[in-house]
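Using our numbering, read the sequence shown as starting at 2 and increasing by one per residue.
Even glycine gets a Cβ: it sits at the ideal position worked out from N, Cα and C.
Each remark here refers to the structure printed beneath this line.
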Amino acid sequence: MVGPITQFDFSTVLTDFFINGGGMSQSLRAEVLRKGKLSSLLKTPAVIPPWELPPKPDVSPLERRAIKGENLINKNDPLFDRDDLNSDDKVLFAVFKALNRLGDMADFIQTKKGEPLAKILDTQFQKLVKELKDFIDNAQYDRLSLDLGLLSSEISSLLTLPQEERAPIFVGATILEDRITPISGIQTTDQFTIQSTDASGTVRTVTITMSDISSDVNDYTLDNISNHVNDELVDAGIATSLKVERHSETRFGFKLDIGFDETVTITSNSNESESVYVAGIRGEDKLGSGYLAKIDNLGDTDPDEVFFNQIDTVNAGDRAESVAIDSNGDVYVVGTTEGDLGDQKIDPVAKDIFLQKYDAAGNLLFTRRLGAPFDGTAFSVKVDANDNVFVAGQVHGLLDADGHGGNYDTFVSKYDKNGIEIFTRQLAPFADDGAFSMSLNTDGDVFLAGFTKSAIAPDKAHGGNSDAYITKLDNNGNLIYNRQLGGFAAQNDTPDNSEEHFDAIAIAPDGSVWVSGEEDESIFIAHYPDDENGAINKRTIGNAGDDKITDLAVDNDGNVYATGFSDVPFLNVGSLQTHRGNRDAFAFKLPIDGGFVYRTFLGTTEDDKGFGITVNPTTGEAYVAGRTTGTLDGETSSGRKDNFVIKLNANGTQAWRHQFGGGFDSKAKGIAFDNNGTNILSRFGLPNGQVPPDSSELVTAVSSARAGDYFFMSINDGPNEQIIIEDDDTFGFLAFKMRQALGSRITTSGTVQFIDEDLTGRFLKVSALNGNKVELIKGAEGSDGLEAIGLREKTLFGEINDDGSNDFVQTAFGLGFTNDITIKSKEKAGEATALIDFAKLTVKKAHRLLTHGPDPEFKPQGRAPQRILDQIATLESALQRLQNSTANANAGLLNTNSNSNLGIAAGILSLSPNKNNTRLF
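Pasting the structure below:
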């Protein structure tokens with residue numbers, strides 16, 4: 002993290018640099034280089050760098066060079082793909098050519114013809130800058146190293162933990178648009194309890210009854226409730242208070258200020274009503290996001306959408322796939338992210354799996370990431386009777402040292418209610434497989450259903466192509482049995498060469514198992530007793546078109562409910578809705594024995610799909626979630642593809658339809674029913690339970706790092722010291738381990754701190770001290786812990802005392818790009834030109850070091866030429882703007898501190914060539 006930047010008079014400092022002979026603190030020492038590690042370089046035959054080659058006579062016009070659409074760097078370019086170049090010069094020459102192209106773009110924007118195209122070309126410019134950064138970061142170096150930003154002495158983690166509150170607060174969800182409207186749904190008989198426990202263990206309890214505020218529900222405004230509650234709390238000797246929080250001009254809710262040394266729990270004593278929660282996708286690909294929505298007032302013909310929370314990262318795709326509810330009414334959502342999420346401001350290598358927990362009011366309680374080595378997808382989340390949370394899906398790569406498998410593998414992870422991982426089991430043959438669905442029985446045993454492309458266990462036969470499988474684990478992740486179904490013609494496991502997979506699984510109250518899936522061109526539903534070898538009763542549902550059963554649910558009587566979609570009218574619906582054309586969603590209810598209770602199509606004349614189904618287990622009322630490209634009866638379309646939820650009565654008739662979307666392509670994927678989903682506290686926007694909720698300090702809980710992930714640290718080119726992340730490491734203890742790797746708990750070489758700042762939260766900061774070199778080095782691909790904790794591979798250089806006593810050679814070069822370099826205007830393009838010029842001169846300096854050794858020390862005399870003084874003036878505005886930037890430098894390319902900015906200016910001007918390409922100083 003970068004603190005406030007001190008204001009400087011740049012003209013005074015820079016002029017002193019040129020007139021009085023000041024130098025950059027990272028200068029190289031000729032004697033050390035000539036006698037030390039780079040002495041062999043001075044014997045290397047010189048090569049002609051690209052900046053000394055004569056220009057080609059057919060150079061394209063500036064406009065054409067600026068707008069050409071090819072990649073920035075062609076690794077096969079004969080300019081640097083040559084046997085006579087060492088690896089460092091290959092990188093330098095490639096970077097120089099790339100900088101020339103970026104310079105052409107910046108120069109073109111400063112022309113009359115190019116200025117109108119600034120914003121359009123800036124999009125391409127940003128892509129090319131990222132391409133250059135990726136190339137520099139991943140290049141193979143021998144003696145040198147480059148950084149697109151500036152050399153720095155410290156780096157801070159992008160991952161931040163919330164502040165360690167001395168007097169915690171909890172800000173509830175937005176519930177009203179003003180302070181004078183009464184909160185809807187509150188009854189005079191509603192009650193809730195606030196319990197406070199102080200440091201001495203004294204417990205104080207207050208019960209709030211709404212009729213004590215007023216007998217008129219129209220008086221239940223935010224301020225009236227807050228005033229009454231606080232009076233009661235003061236009378237009971239509780240320091241905690243309830244306040245009205247203004248989120249914005251038209252968004253209001255409650256806030257709890259927790260008293261010093263008090264632990265507070267709030268509990269609803271009121272009547273509770275039914276709700277459903279929906280998880281899904283909004284938008285497509287990189288612009289897509291996940292969401293969690295809550296719908297209540299389910300007994301009415303027009304239900305209420307209580308909240309719609311977007312699960313989103315910037316410029317990255319996110320998906321929410323499944324949702325489940327625990328005994329406290331808290332909600333768990335799983336899905337996939339390609340970017341940062343919550344406090345975890347880290348981009349995963351590819352796609353990672355997330356687990357989020359919300360309270361019934363929609364307040365986010367925590368975010369967890371699995372830490373998939375290369376790629377991962379979550380398909381299902383379930384909660385057992387003890388509020389343990391299970392996540393299942395598919396992952397690419399080994400999740401731990403004990404993992405095994407092939408390409409894509411099935412996994413299941415168990416977490417406690419606070420998001421602490423209890424176990425992860427990777428279930429895999431040496432071929433692709435994955436779990437599409439998961440269910441739990443009353444004992445907490447785990448059933449996984451999906452596909453495999455080889456034998457899932459040594460005693461199982463592979464039927465060819467893709468086989469369906471079921472795996473049963475106990476609550477601790479131990480295997481109970483596997484069933485592999487490779488083309489079960491007739492009723493049982495008979496291998497053939499067909500394609501099978503299970504798409505959904507549900508466990509009946511008697512422990513028997515319902516599964517649905519596909520076998521070649523047909524879809525089926527099957528039932529079997531919970532037995533590894535029990536007979537399977539399979540019913541083919543459809544085999545004539547594009548159809549699929551996507552989800553199953555069961556009620557207390559063991560009836561199974563299914564949803565899916567089909568483009569043919571294969572169901573005999575009787576008096577219920579018929580197939581209306583294209584693809585239609587469908588639902589049916591089937592008992593363990595006997596015929597269908599009902600079959601019905603759902604949707605419009607356009608394209609409709611059902612993806613999730615849940616049921617009130619007592620009444621048999623079902624809720625189907627999906628997406629439509631049309632308009633449901635009585636509803637309004639809001640986008641090209643909308644979400645929908647349809648309630649079905651016990652006989653299959655439609656009680657209501659709810660269509661929602663918000664103008665984006667949307668898809669409702671998972672749905673869960675909560676018999677007690679809404680109460681007085683959720684209507685207040687507050688949680689039910691401890692406030693604030695318990696949070697974890699473990700590295701493996703709050704980051705995507707997994708136990709066993711590792712990285713290295715090195716001092717002054719010494720040995721790489723390995724730091725292994727363990728399952729009980731906190732960030733404070735990890736900082737201690739990193740300090741130990743630096744040599745001692747308090748060292749003069751460098752240090753690692755776990756910082757607690759007032760505004761930005763808590764984070765790791767690594768610093769190099771006293772002219773020493775500290776390197777942060779990634780672990781192996783798939784096991785790297787460095788990026789997982791929010792740091793990146795980086796070489797740090799402590800400020801050098803100018804006494805020649807350093808025992809290492811400075812061979813790292815910072816090109817000086819800022820995190821906000823842009824060409825979106827003529828002025829910005831001019832600033833970009835200055836930074837690009839500095840970067841090009843730095844490349845030349847690096848090559849000069851390789852070829853000729855360090856430049857001799859030189860002290861300039863007299864007044865600098867007017868051209869240099871003009872350049873100083875031009876740079877002052879750019880440097881001043883950089884100094885005033887409030888952006889977090891670690892989120893970009895470099896640390897924009899003032900000393901580094903002076904280094905840019907000094908570097909540009911001290912390296913500036915004259916027309917004969919010789920150095921001025």
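| Query | Result |
| --- | --- |
| Apart from the five residues on each side of it in sequence, which residues of its chain come closer than 6 Å, Cβ to Cβ, to F367? | K358, G420 |
| Is it the case that the segment 579–597 contacts the segment 553–569, given that we only count it when at least three CB pairs across the two stretches are under 8 Å? | yes |
| Whose CA, out of K418, K642, F712, lies closest to the CA of K738? | F712 |
| So, with DSSP's three-state summary, where would you put I1? | Residue 1 is absent from the structure shown; the chain starts at 2 and stops at 922. |
| Start and end of the beta strand (DSSP E) containing L243? | 242–249 |
| Round the Cβ separation of N557 and T615 to the nearest angstrom and send it over; I've been treating them as touching at under 8 Å. | That pair is no contact at about 14 Å. |
| Does the structure place the segment 497–514 close enough to the segment 437–450 that three or more beta carbon pairs sit under 8 Å? | yes |
| Please list the terminal residues of the continuous beta strand (DSSP E) segment that includes G690. | 690–692 |
| Within 10 Å of its beta-carbon, does R740 have 16 or more other beta-carbons around it, so buried, or fewer, so exposed? | buried |
| Taking all protein chains shown into account, decide if I647 is buried (16 or more other Cβ within 10 angstroms of its Cβ) or exposed. | buried |
| What are the boundary residues of the beta strand (DSSP E) that V700 is part of? | Taken as a continuous stretch (DSSP letters only), V700 belongs to no beta strand (DSSP E), being part of the alpha helix (DSSP H) at 700–703. |
| In this structure, how does DSSP classify N677 when only helix, strand and coil are distinguished? | strand |
| Please state whether DSSP places T812 in a helix, a strand or coil. | coil |
| Are the Cβ atoms of G751 and L735 separated by less than 7 Å? | no |
| So which of A200, G815, L243 has the shortest CA-CA distance to K134? | G815 |
| Given that a residue counts as buried once 16 or more other Cβ atoms are within 10 Å of its Cβ, and exposed if not, what is Q691? | exposed |
| Which residue's Cα is closest to the Cα of D532: A95, E788, L474? | L474 |
| List the residues that DSSP assigns as beta-bridge partners of E422. | Y416 |
| Considering only C-alpha positions, which residue in the set S227, K668, R707, N87 is nearest to L851? | N87 |
| For T887, count neighbouring C-beta atoms within 10 Å of its own C-beta (all shown protein chains included) and say buried if the count is 16 or more, exposed if not. | Only weak support exists for where T887 lies, its pLDDT of 38 falling under 50; the value from the coordinates is given anyway. By the neighbour-count rule (16 or more Cβ atoms within 10 Å), T887 is not buried but exposed. |
| Under 8 Å: do the segment 135–144 and the segment 199–219 share three or more Cβ pairs, one atom per stretch? | no |
| My output table needs one value for R144: the three-state DSSP class, helix, strand or coil. | coil |
| Rounded to the nearest angstrom, what separates A554 and H248 at their Cα positions? | 39 Å |
| On the DSSP bridge assignment, give the partners of T601 in chain order. | A588 |
| Going by alpha carbons, who is nearest to I824 out of K120, D82, K114, P50? | K120 |
| Quick one: residues in its chain with C-beta nearer than 8 Å to the C-beta of S467, no 5 flanking neighbours on either side, listed in chain order? | F452, T453, K454, E500, E501, H502 |
| Here's a check: name, in chain order, each residue in its chain whose Cβ is nearer than 8 Å to the Cβ of Q492, leaving out the five neighbours to either side. | With a pLDDT of 39 at Q492, under the threshold of 50, the modelled position of this residue cannot be trusted, and the question is left open. |
| Tell me the rounded alpha-carbon separation between A781 and V700. | 19 Å |
| For R849, report the span of its beta strand (DSSP E) as first-last. | Per DSSP, R849 belongs to no beta strand (DSSP E); it is in the alpha helix (DSSP H), 827–853. |
| From I74 to D105, what distance separates their C-alpha atoms? | 15 Å |
| If distances are taken between C-alpha atoms only, which option among G260, T551, H528, D521 comes closest to E322? | T551 |
| Contact criterion: CB-CB distance below 7 Å. Does G202 meet it with respect to chain B? | Annotation note: the requested chain B is absent from the structure, which comprises a single protein chain. |
| Would you kindly check if the distance between the Cβ of N644 and the Cβ of G281 is under 7 Å? | yes |
| How is Q196 classed by DSSP in three states: helix, strand or coil? | strand |
| If you reduce the DSSP assignment to three classes, tell me which class R707 lands in. | coil |
| In terms of DSSP beta bridges, what is D548 paired with? | S567 |
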